[in-house]
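**Q** Right, I'll just put the structure down here and ask away after.
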Amino acid sequence: MAITKINTIAVASLSIIGVLFAVIIIQATGYAQTSLPSRSLQIADPRPAQTNVNYTVGFSVTGAGYVLGSFTLLFCDNTPLIGQPCDPPVGFDASTAIITNQTGISGFTIAPGATANSLLLTRVPSFVNAADIRIELSGITNPTNKGTYFGRIQTYSSDDATGVAVNEGGVTFAITPPIDIATYVPPYLYLCVAVTLPGYLCSGAVGNFVDFGELSANQTRTGTSQFLVATNAGAGFVVYVIGIPPTSGNNVIPAMTTRGPSQTGVSQFGINLRDNSNPDVGNDPVGAGSGTIAPDYNIPNQFKFFYGQALVSSNTTTADKKFTTSYIINVNRNQKPGVYNTTLLYIALATF
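Under the working numbering, the first residue of the sequence shown is numbered 22, with each subsequent residue one higher.
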């Protein structure tokens, strides 16, 4: 009689932190006596004190249009109303801003003399038809403090913002701290081993002894066990088997250290992970997982047993996959009598 005992070990570790930034761009409108249609001010990054931020100012020319030669952009922290005192936002700096893109119009440049909160954009005065104008500015430093801030836009027919403003209006924008979202994805390496595993549930595992009964030189004795493996390790997993061939005192049933067929009358102990017909034992793997059987254990009716050798591996994450280990034992007529047994240890290692 030979008995095989099967144990399991699973090892895995991982720490993942996901960080996301959620930002809000707020557009609002102001009001002036001569209203500038469809005005807006968008910022690409609303975090306080953020540097080199893109600001996009927009407005529309409606109806028959007019001569447009310049417009001013004034940033305030107290009110968007034109004609009221303007308090510069603390920490805000647009003095080194540059134009990176303009749509709906062309030819605008930033005139010399820009201050921390005031810009004059100029072009050769010319007639503009109905258009949605967008000017993108970069190199701006956001205000130091979170809160609501304002921009004042005035358009002129002259190229230096002199004379009476054609249109004007206020806009609102918000400086807000980011929303940091952190989450943890726990690592897992799932391995269970038993004589029988119903479905894909380790909780239903049955047995950890395989009884081969009475050995005979005229008959191959067989048995099976099963193991289930799954992992979220990005670089996959490897399942090894560790143990010695069945022994009784100093007597040993030799392991099949090279792959070969089952031979009655020849003392040998071997395994594979396939459905075999000679002898009739085992099942092919089942499940959606990606584990691949090692070549020496992946040929029906060919068996091997080598201490510490990899049985199954995958190079990526894998869903549940169940494997059936088929065991064969043959003995010759000179095999010493006794109770032969061994303990096999299945080990799964994951690479995160």
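Don't be surprised by glycine CBs; every beta carbon is placed ideally from N, CA and C.
Within 8 Å, do at least three Cβ pairs link the segment 79 to 98 to the segment 132 to 150?
**A** Enough Cβ pairs lie closer than 8 Å, so yes.
**Q** In or out: K343 buried (at least 16 other Cβ within 10 Å) or exposed?
**A** Label assigned to K343: buried.
**Q** Quick one: measure Cβ to Cβ for I174 and E189, integer angstroms, because I've assumed they're closer than 8 Å.
**A** Right, their Cβ atoms sit about 6 Å apart.
**Q** What's the gap between the Cα of I350 and the Cα of F290?
**A** Cα to Cα, I350 sits roughly 5 Å from F290.
**Q** What number of angstroms, rounded off, separates the C-alpha of F373 from the C-alpha of N336?
**A** Roughly 11 Å separates the two Cα atoms.
**Q** Within a Cβ cutoff of 6 Å, which residues of the same chain sit near Y52, ignoring the five residues on either side of it in sequence?
**A** No answer about Y52 holds up, because its pLDDT of 32 lies below 50 and its placement is not dependable.
**Q** In angstroms, rounded to a whole number, what distance separates the CA positions of I161 and I64?
**A** Between I161 and I64, the C-alpha separation is close to 10 Å.
**Q** Consult DSSP for P146 and reduce its assignment to one of helix, strand or coil.
**A** P146 falls in the strand class under three-state DSSP.
**Q** Would you be able to state if there are at least three C-beta pairs under 8 Å between the segment 322 to 339 and the segment 237 to 244?
**A** Counting Cβ pairs under 8 Å, fewer than three are found: no touch.
**Q** Taking the straight line between their C-alpha atoms, what separation do you get for T143 and I119?
**A** Answer to the nearest angstrom: the Cα atoms are 13 Å apart.
**Q** What number of angstroms, rounded off, separates the C-alpha of N322 from the C-alpha of N297?
**A** Roughly 5 Å between the two C-alpha positions.
**Q** Assign D180 to one of three DSSP states: helix, strand, or coil.
**A** Reduced to three states, the DSSP call for D180 is coil.
**Q** Of the residues L294, Y361, P69, T363, which one's Cα is nearest the Cα of G312?
**A** Nearest C-alpha to G312: L294.
**Q** What number of angstroms, rounded off, separates the C-alpha of I196 from the C-alpha of V262?
**A** I196 and V262: Cα-Cα distance of roughly 60 Å.
**Q** Considering Cα atoms alone, identify which of G308, R155, S283 is closest to V302.
**A** It is S283 whose Cα lies nearest to the Cα of V302.
**Q** What's the C-alpha gap between G255 and V360?
**A** Their backbone Cα atoms lie some 44 Å apart in a straight line.
**Q** Taking R68 as the reference, give the member of T217, T169, T268 with the closest Cα.
**A** Checked all of T217, T169, T268; the closest Cα to R68 is T169.
**Q** Determine the DSSP secondary structure at G225, reduced to helix, strand or coil.
**A** G225: helix per DSSP, three-state reduction.
**Q** Pair every Cβ in the segment 104 to 122 with every Cβ in the segment 176 to 184, then say whether three or more of these pairs are closer than 8 Å.
**A** No: fewer than three Cβ pairs fall under 8 Å.
**Q** Of all the options L365, P219, R354, which has the alpha carbon lying nearest to the alpha carbon of F230?
**A** Selected option, being the one with the closest Cα: L365.
**Q** Secondary structure at D98, three-state DSSP: helix, strand or coil?
**A** D98 falls in the coil class under three-state DSSP.
**Q** Could you have a look at D108 and say whether DSSP puts it in helix, strand or coil?
**A** Note: D108 maps to coil in three-state DSSP.
**Q** Roughly how many whole angstroms lie between the Cα atoms of G134 and A115?
**A** Straight-line Cα distance between these residues: approximately 11 Å.
**Q** Hey, out of N272, K325, E235, E157, whose CA is closest to F346's CA?
**A** Correcting the residue type first, residue 346 is Thr in the shown sequence and not Phe. It is K325.
**Q** So, at 7 Å on beta carbons, what are the nonlocal neighbours of N353 in its own chain, with the 5 sequence-adjacent residues on each side left out?
**A** Taken in chain order, the residues that qualify are A238, G286, V287, S288.
**Q** Residues in its own chain within less than 7 Å of F80 by CB, not counting five upstream and five downstream?
**A** The residues are L57, P58, S59, R60, I154, I174.
**Q** Grouping DSSP H, G and I as helix and E and B as strand, with all else coil, what is Y318?
**A** DSSP places Y318 in helix when its eight states are reduced to three.
**Q** On the three-state DSSP scale, how would you describe F171?
**A** Reduced to three states, the DSSP call for F171 is strand.
**Q** Assuming the contact rule is C-beta atoms closer than 8 Å, F113 and F96 should be a hit. Round their C-beta distance to whole Å, please.
**A** Yes, F113 and F96 are in contact; Cβ-Cβ is about 6 Å, under 8 Å.
**Q** Measure from the alpha carbon of N138 to the alpha carbon of each residue in G308, P164, T121, then state which is nearest.
**A** The shortest C-alpha separation from N138 is found at P164.
**Q** Taking the alpha-carbon of A309 as reference, which of G220, P275, T77, T130 has the nearest alpha-carbon?
**A** When only C-alpha atoms are compared, the closest one is G220.
**Q** What is the rounded straight-line gap between the Cα of I368 and the Cα of A315?
**A** In a straight line, the C-alpha of I368 is about 15 Å away from that of A315.
**Q** Give me the Cα-Cα distance between F194 and L94, rounded to the nearest whole angstrom.
**A** Rounded to whole angstroms, F194 to L94 spans 13 Å at the Cα level.
**Q** Span of the beta strand (DSSP E) holding T364?
**A** Run containing T364: 361 to 371, per the beta strand (DSSP E) assignment.
**Q** Does the distance from the CB of Q356 to the CB of I265 come in under 8 Å?
**A** Result no, Cβ atoms of Q356 and I265 do not sit closer than 8 Å.
**Q** How many whole angstroms separate the CB atoms of V333 and V260, which I take to be in contact at a CB cut-off of 8 Å?
**A** At roughly 4 Å, the Cβ-Cβ gap stays under 8 Å, so V333 and V260 are in contact.
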